[in-house]
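2 protein chains.
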Amino acid sequence: MYSSKKLKEFTQNVFQKIGCPADEASLAAEVLVSADLRGVDSHGVARLSGYVRLWEANRLNATPNIKVTHHTPSTAVIDGDKGLGLVVGPKAMEIAIEKAKEVGSGWVSVKNSNHFGIAGYHSLLAVQNDMIGISMTNASPLVAPTFAKERMLGTNPIAVGIPAGEQPPFVADLATTTAANGKLEILQRKGEDTPEGWVQDKDGHPITDAHGVKKGGALLPLGSDREHGSHKGYCLGSVVDIFSAVLSGASYGPWAPPFVSFLPLADNMPGEGLGHFFGAMRIDGFRPKEEFKQHMDNWITRFRNTEPVSKDQKVLIPGDPEREMEQQRLNEGIPLHESVVKDLTELAQKLELEF
Amino acid sequence: MYSSKKLKEFTQNVFQKIGCPADEASLAAEVLVSADLRGVDSHGVARLSGYVRLWEANRLNATPNIKVTHHTPSTAVIDGDKGLGLVVGPKAMEIAIEKAKEVGSGWVSVKNSNHFGIAGYHSLLAVQNDMIGISMTNASPLVAPTFAKERMLGTNPIAVGIPAGEQPPFVADLATTTAANGKLEILQRKGEDTPEGWVQDKDGHPITDAHGVKKGGALLPLGSDREHGSHKGYCLGSVVDIFSAVLSGASYGPWAPPFVSFLPLADNMPGEGLGHFFGAMRIDGFRPKEEFKQHMDNWITRFRNTEPVSKDQKVLIPGDPEREMEQQRLNEGIPLHESVVKDLTELAQKLELEF
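Just so you know, the sequences run in chain order A and B.
Okay, so the first sequence: first residue is 1 according to the working numbering, each after it adds one.
Okay, so the second sequence: first residue is 1001 according to the working numbering, each after it adds one.
Here's what the structure looks like:
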């Protein structure tokens, strides 16, 4: 077990070592380790050496000049200047929040960024300000649209955070695919197959090989196949791609830059870097916030008390599992898979740091 | 075959007969028949007598005083005064569009309304103004959350319309369930079973009975079951419920008022009527609109040319099937099922109109 405090320190040290200013390295570490705390292990320190490799490949700028390039009172585009998505993301959400304070809501599309960690983290920044927070990002193309052989979209997550009163906030954070890539990684480590409907092979045929995507296959949009609504998952992933990248001027669809540095960038990229999209809406832009929070408490309580199908199940509120995991891991520490420990140990040696 | 012009005239006459002003009756007819034109037969004139029954039950106000009750420069809440959702919807979107003209984006949550037709219609109003349009609504509770026996949510659709240049606009319009209720109605008429993963019975067990929902069962969230991501469909349906109804002060979750007048309203409704949510974002709030449109054309063309799994399939752009259907039905007329013809004929007799 590793304490989140120690993991954050190490992560901050790594980012400082590649040249990030101390405050940005600290912010990036906070965002990255929040994934480990919330149980999204695929998006936490397991990715740390990947960011370093992006920096080594000159695809990541440790000292970016993050700036607004276009704006109205409620909208903006931000150029992330190839900075860490873990830093660009929170700064963009901060601008959305400032706009919401002024005119009720703020909407920020970001270009020239890269992987921003877990979408849920960013939406919660708005929730802390009594706002609804929305966060999404495009990502490395791994997903085939309905009827398609080719990988055209990323797992393109959407997060929505909504404040409540006595109850903890509602936090939906979902990849627009049937299963996120992290779920495949867990099965790969266990040597198990996937359920049907998660993956197809390079010819577009359904398979259950957890390594199928690495072999040229693709993840499937939420819904799995046409009969079960995969065209809806494809629609949602497309909306995320367009809001994050076409609106901002980032690279979109099959041209989205891959996170892994060993894959080359596409020829003729139609935009700059990866894109994100953030929204913040002030609750009291719609109704008095205490009134809203009472009704959210009522909503949450009613849904939590929904009669379950079987007695050993309970109906969950979006955000429940991650919050319970966070509490547990704050108390007991974060378990890391041996391959991650090995990776971080090697990273520490390379950068002459202690892990 | 029935011409859309004739169906609109008849629909307008019906709404005028129950007391709607001519301009609002005309608008409502336009919205309702747009569903028949776009091939969403369940949401078109098949529902006309249902609106009349709501009016007979005193749940619908033919002469509403639709007004803004709360606002900031980019947000508002609108009280629909129990008016036709078919009229309240476009008026609310118009306010979102006006706000977007002023400050870049506009976001309007609506209470005290009822069924607003197809979500896609409203999002296209923004598209006509070079804006991205978003439209959603809560609806009669028919959907069980993951692990639940009870019906807690509606099919809660989300529509997103995005303008392009040479290409037609991107229009995603999707229920947040595996299958919309209209799909069940088609199977009921044919006497066929549903695929697995669409419906559960009153005890929460998976069934394929197309009449299952009427027998106390429930529709399933997009994803069908936990293993295939139904918790994501449940998240999305919940977000639609909260944006449409908790934010506005409408009735939410299991208390959402049913469309059919023979079902009683819930006791202790926590809000007024049904809720909707609309958004409009000016393209040039983010980047010059001609530049955006060129990239949308590029996006659409690239996705349309995605290599399909088999030669007899093609990868579609959201909005393609509905637009093709609209063209065909404008030319050839709209086919109505004999049960709908019978229903409209009886309605005409009752209201002393000609059908």
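Ideal placement from N, C-alpha and C gives every residue a C-beta, glycine not left out.
Bear in mind that the values here come from a model prediction, so they are computed numbers and not experimental data.
Any C-beta of chain A under 8 Å from that of residue 1313 of chain B: Mapped onto the second sequence, residue 1313 of chain B falls at position 313. For residue 1313 of chain B, the answer is yes, since a Cβ of chain A falls inside 8 Å of its Cβ.
Quick one: grab the DSSP three-state call for residue 289 of chain A. The residue you call residue 289 of chain A lines up with position 289 of the first sequence. Residue 289 of chain A falls in the helix class under three-state DSSP.
Indicate whether at least one CB of chain B lies closer than 8 Å to the CB of residue 302 of chain A. The residue given as residue 302 of chain A occupies position 302 in the first sequence. Closer than 8 Å to some Cβ of chain B, the Cβ of residue 302 of chain A qualifies, so yes.
Using a Cβ cut-off of 8 Å (strictly closer), state whether residue 252 of chain A contacts chain B. Translated into positions along the first sequence, residue 252 of chain A becomes position 252. Chain B, which has a Cβ nearer than 8 Å to the Cβ of residue 252 of chain A, makes this yes.
Interfacial residues, the region 56-78 of chain A to chain B, with Cβ spacing under 9 Å: 69, 70, 71, 72, 73, 74, 75, 76, 77
Is there contact between the region 1058-1070 of chain B and the region 1013-1030 of chain B, where contact requires at least three CB pairs shorter than 8 Å? yes
Whole-Å CB distance - residue 178 of chain A paired with residue 222 of chain A, under 8 Å assumed: Position 178 of the first sequence, counting from 1, holds the residue named residue 178 of chain A. Position 222 of the first sequence, counting from 1, holds the residue named residue 222 of chain A. Indeed, because the Cβ distance is near 5 Å, the residues count as touching under 8 Å.
Determine the burial state of residue 105 of chain A: buried for a count of at least 16 other Cβ atoms within 10 Å of its Cβ, exposed for fewer. One-based indexing of the first sequence puts residue 105 of chain A at position 105. It is buried - the Cβ of residue 105 of chain A has at least 16 other Cβ atoms within 10 Å.
Provide the residue span of the alpha helix (DSSP H) that contains residue 49 of chain A, from first to last. Numbered from 1 along the first sequence, position 49 holds the residue referred to as residue 49 of chain A. Here the alpha helix (DSSP H) through residue 49 of chain A covers 48-56.
Please confirm if the region 1267-1283 of chain B is in contact with the region 1128-1137 of chain B, defined as three or more CB-CB distances below 8 Å between the two stretches. yes
How far does the beta strand (DSSP E) with residue 1113 of chain B in it extend, from its first residue to its last? Residue mapping note: residue 1113 of chain B aligns to position 113 of the second sequence, counting from 1. Unbroken beta strand (DSSP E) run through residue 1113 of chain B: 1105-1113.
According to DSSP, which residues form a beta bridge with residue 158 of chain A? Your numbering for residue 158 of chain A matches position 158 in the first sequence. A/136, A/174.
Distance between beta carbons of residue 37 of chain A and residue 4 of chain A, contact taken as under 8 Å: Along the first sequence, one-based indexing puts residue 4 of chain A at 4. Along the first sequence, one-based indexing puts residue 37 of chain A at 37. That belief holds up - the Cβ atoms of residue 4 of chain A and residue 37 of chain A are roughly 5 Å apart, short of 8 Å.
When DSSP builds the beta bridges, which residues end up paired with residue 1341 of chain B? Taking the first residue of the second sequence as position 1, residue 1341 of chain B is located at position 341. Residue 1341 of chain B pairs with nothing; no bridge assigned.
Are the C-beta atoms of residue 334 of chain A and some chain B residue less than 8 Å apart? The residue given as residue 334 of chain A occupies position 334 in the first sequence. No, residue 334 of chain A does not count as interfacial toward chain B.
For residue 1093 of chain B, the nearest candidate out of B/1085, B/1108, B/1081, B/1102 (CA to CA): The count along the second sequence starts at 1 and reaches residue 1093 of chain B at position 93. Among B/1085, B/1108, B/1081, B/1102, the Cα nearest to that of residue 1093 of chain B belongs to B/1108.
Rounded C-beta distance between residue 31 of chain A and residue 117 of chain A? I'm assuming under 8 Å. For the purposes of this step, residue 31 of chain A is identified with residue 31 of the first sequence, where counting begins at 1. For the purposes of this step, residue 117 of chain A is identified with residue 117 of the first sequence, where counting begins at 1. Right, their Cβ atoms sit about 4 Å apart.
Going along chain A, which residues have a C-beta under 7 Å from residue 1298 of chain B? Within the second sequence, numbered from 1, the residue matching residue 1298 of chain B stands at position 298. Ordered by position in chain A, the residues that pass the 7 Å Cβ test against residue 1298 of chain B are 270.
What's the call for residue 258 of chain A, buried or exposed, on a 16-neighbour Cβ count within 10 Å? On the first sequence, residue 258 of chain A is found 258 positions in, with the first residue counted as 1. Under this definition residue 258 of chain A is a buried residue.
Compare the Cα-Cα distances from residue 73 of chain A to each of A/67, A/85, A/96 and report the closest residue. Numbered from its first residue, the first sequence carries residue 73 of chain A at position 73. Of the listed residues, the one whose Cα sits closest to residue 73 of chain A is A/96.
Per-residue contacts from residue 10 of chain A into chain B (C-beta, under 7 Å): Reading the first sequence from its first residue, position 10 is the one you call residue 10 of chain A. Those within 7 Å of residue 10 of chain A in chain B number zero; the least Cβ separation is about 33 Å.
Would you kindly work out how many angstroms separate the C-alpha atoms of residue 1342 of chain B and residue 1330 of chain B, rounded to a whole number? Within the second sequence, the letter at position 342 stands for residue 1342 of chain B. Within the second sequence, the letter at position 330 stands for residue 1330 of chain B. Near 23 Å, if we compare the C-alpha coordinates of residue 1330 of chain B and residue 1342 of chain B.
Span of the beta strand (DSSP E) holding residue 1280 of chain B? Counting from 1 along the second sequence, the entry for residue 1280 of chain B is found at position 280. Per DSSP, residue 1280 of chain B belongs to the beta strand (DSSP E) from 1274-1282.
Which residues in chain A sit within 8 Å of residue 1292 of chain B, going by Cβ to Cβ distance? Residue 1292 of chain B sits at position 292 when you count from the first residue of the second sequence. Here the neighbours are 246, 247.
Taking a Cβ distance cut-off of 9 Å, strictly less, list which residues of the region 199-213 of chain A are near chain B, in chain order. 200, 203, 204, 205
For the beta strand (DSSP E) that residue 68 of chain A lies in, which residues bound it at each end? Locating residue 68 of chain A in the first sequence gives position 68, counting from the first residue. Segment 67-71, the beta strand (DSSP E) holding residue 68 of chain A.
Excluding five sequence neighbours on each side, which residues of the same chain lie with their C-beta closer than 7 Å to the C-beta of residue 297 of chain A? Translated into the one-based positions of the first sequence, residue 297 of chain A becomes position 297. Only 164, 165, 166, 167 meet the Cβ criterion.
Please report whether the beta-carbon of residue 227 of chain A lies at a distance below 8 Å from any beta-carbon of chain B. By 1-based counting over the first sequence, the position of residue 227 of chain A is 227. At least one chain B Cβ lies under 8 Å of residue 227 of chain A.
Which residues in chain A sit within 9 Å of residue 1257 of chain B, going by Cβ to Cβ distance? The sequence position of residue 1257 of chain B within the second sequence is 257, counting from 1. Ordered by position in chain A, no residue passes the 9 Å Cβ test against residue 1257 of chain B, which lies about 16 Å from the chain.
Segment limits, beta strand (DSSP E) that includes residue 78 of chain A: If you number the first sequence from 1, residue 78 of chain A lands on position 78. Taken as a continuous stretch (DSSP letters only), the beta strand (DSSP E) holding residue 78 of chain A covers 75-79.
Output the distance between the C-alpha atoms of residue 315 of chain A and residue 1314 of chain B, rounded to the nearest integer angstrom. Position 315 of the first sequence, counted from the first residue, corresponds to residue 315 of chain A. Position 314 of the second sequence, counted from the first residue, corresponds to residue 1314 of chain B. Each residue's Cα considered, the two are about 39 Å apart.
Quick check on the burial criterion: 16 or more other C-beta atoms within 10 angstroms. Buried or exposed for residue 115 of chain A? As a position in the first sequence, residue 115 of chain A is number 115, starting the count at 1. Residue 115 of chain A is buried by the Cβ-count criterion.
Check this for me: beta carbons of residue 1174 of chain B and residue 1157 of chain B, under 8 Å apart or not? In the second sequence, the residue the question calls residue 1174 of chain B occupies position 174. In the second sequence, the residue the question calls residue 1157 of chain B occupies position 157. It is a contact, given that the beta carbons lie within the stated cut-off.
For the region 284-293 of chain A against the region 253-267 of chain A, do three or more pairs of beta-carbon atoms, one drawn from each stretch, fall closer than 8 Å, so that the two count as touching? no
Who are the near neighbours of residue 1180 of chain B in its chain, counting only those whose CB is closer than 8 Å to its CB and skipping five residues on each side? For the purposes of this step, residue 1180 of chain B is taken as the residue at position 180 of the second sequence. Once the five neighbours on either side are set aside, the close Cβ partners of residue 1180 of chain B are 1042, 1155, 1157.
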